[in-house]
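Heads up, the sequence shown is in UniProt numbering, so the first residue is 1 and it goes up one at a time.
From the three backbone atoms N, C-alpha and C, an ideal C-beta is built for every residue, glycine too.
Just so it is clear, the structure is predicted and the values come from calculations on it, not from any experiment.
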Amino acid sequence: MAQGRPKAAAKRPGRAAAGGTPARGARGPRKGGRTIAPKKLRVIQQQKLKKRLEVGIRMKIEREAVQRAGAGLPKKLAVIAAPPPAAGPAKGKTKKRRG
Numbered sequence: 001m002a003q004g005r006p007k008a009a010a011k012r013p014g015r016a017a018a019g020g021t022p023a024r025g026a027r028g029p030r031k032g033g034r035t036i037a038p039k040k041l042r043v044i045q046q047q048k049l050k051k052r053l054e055v056g057i058r059m060k061i062e063r064e065a066v067q068r069a070g071a072g073l074p075k076k077l078a079v080i081a082a083p084p085p086a087a088g089p090a091k092g093k094t095k096k097r098r099g
C-alpha cells in the first residue's frame with residue numbers, strides 16, 4: 001500500500017484557482033490622471049449642456065433659499081468671508097529661557 005497523501009491532480013490556472021485578483025471595486029484608488037474616453041462630439045456637447053443646466057438650477061435654488069431665509073429677518077442676511085490669517089508672529093508663543 002502507498003504511504004502518505006496521494007499527489008494532487010494538475011489543475012489549469014483559472015479565476016477560481018488564482019484568487020489573487022480582488023474585485024474591481026475592492027482594489028482601491030489608482031494612481032495617475034483619469035482620462036475621458038473619446039466620444040462623439042454630439043454626446044460631449046449634451047454632457048456639457050446637462051452639467052451647465054444642473055449647476056444653474058442648483059445655484060438658483062440656493063439663491064431662493066437665502067432669499068426666503070432673509071425675508072423673515074429684521075436685519076438683512078449677508079454672507080461673510082473668514083478673516084485673513086495674521087502674517088506676524090503670534091503673541092505669547094515665545095519660549096522662556098532659564099538662566
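Discussion item. What does the alpha-carbon distance come out to for the pair R68 and A26?
Written reply: Translated into positions along the sequence shown, residue 68 becomes position 68. Translated into positions along the sequence shown, residue 26 becomes position 26. Roughly 45 Å between the two C-alpha positions.
K48 in three-state terms, based on DSSP
To locate residue 48, count along the sequence shown from 1; it is residue 48. If DSSP states are grouped into helix, strand and coil, K48 belongs with the helices.
Please report the distance separating the alpha-carbon of P74 from that of V66. Here the question's residue 74 lines up with position 74 in the sequence shown. Here the question's residue 66 lines up with position 66 in the sequence shown. Inter-residue distance for P74 and V66 is about 14 Å (C-alpha atoms, whole angstroms).
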